[in-house]
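Just below is one structure, and these are the notes that go with it.
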Amino acid sequence: MPVRALLHYALEVPDQSVGQKFYRDFGLVDATGRDNAVRLRPAPLSREAVLLYPGPKKRLHHLAFGAPGDEFEGVKETLRRAGVKETDPPRGAPEGGIWVRDPDGHAVNIRQEGRDLPPADPPLTLNSPGHVSRIAVRGCPEGLEARPRRLGHALLFTPDVDRQLDFYTRALGM
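So the sequence shown is numbered by this note's numbering: it starts at 390 and just counts up by one.
Here you go:
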């Protein structure tokens, strides 16, 4: 049973305000939270995609994945069979789900949650032979800012690609 969604990633940073400005400039907006993490999200979503924790240097704090419904129990069983041990969450991390470490020692949180999808784009009005509905109007939308709509990928650097691939594909089903 696989995980179905990358819910968020969390970083430790020496200056949260610098990180917050970077992600705001990128197009994320502030999300609410009850701890000392700065939380940011794509504007169309209610769930945070990036968490910034205070720390002495820049580093990955944790990754959070979603396995909705019965798939959560399946992921737990697959992790158990793969010999992956549950661990305590990192200091300040959100509660819930299970916590494990990947082969490089990164904290990974699997939560019984599904993906939060942005609303669908409005349909584009296209002209085609015999069907002309757009007259004297540009085909591309005007006045829209390029902004992130959801979190889709995260990049990890590793000294052992095969070991990480095995963990994320075999143990997490990605």
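Glycine is no exception: its CB is placed at the ideal position from the N, C-alpha and C atoms. Just so you know, these numbers come straight off a predicted model, no measurement behind them.
query, result
"Tell me which residue opens and which closes the alpha helix (DSSP H) that Gly408 is part of.", "Gln405 to Phe415"
"Using a Cβ cut-off of 8 Å (strictly closer), state whether Leu513 contacts chain B.", "Here there is only one protein chain, and chain B is not present."
"When the distance is taken between beta carbons, is Val392 closer than 8 Å to Gly562?", "yes"
"Mind pulling the alpha helix (DSSP H) runs of 4 or more residues that sit fully within the stretch 398 to 486?", "405 to 415 and 460 to 470"
"Could you tell me whether the stretch 430 to 450 touches the stretch 462 to 478, using the rule of 3 or more Cβ pairs below 8 Å?", "no"
"Could you tell me the boundaries of the alpha helix (DSSP H) in which Arg552 lies?", "Val550 to Asp555"
"With burial defined as no fewer than 16 other Cβ atoms inside 10 Å of the residue's Cβ, what is the status of Pro537: buried or exposed?", "buried"
"Three-state secondary structure (DSSP) at Ala560?", "helix"
"Which residue wins for smallest C-alpha separation from Pro445, given the options Glu460, Gly485, Glu484 and Pro403?", "Pro403"
"Taking the Cβ atom as the reference point for each residue, do Arg430 and Ala420 lie within a distance shorter than 8 Å?", "yes"
"Helix, strand or coil, according to DSSP, for Asn516 in the structure here?", "coil"
"Using only CA atoms, which one of Leu468, Phe454, Val407 and Val489 lies nearest to Gly541?", "Phe454"
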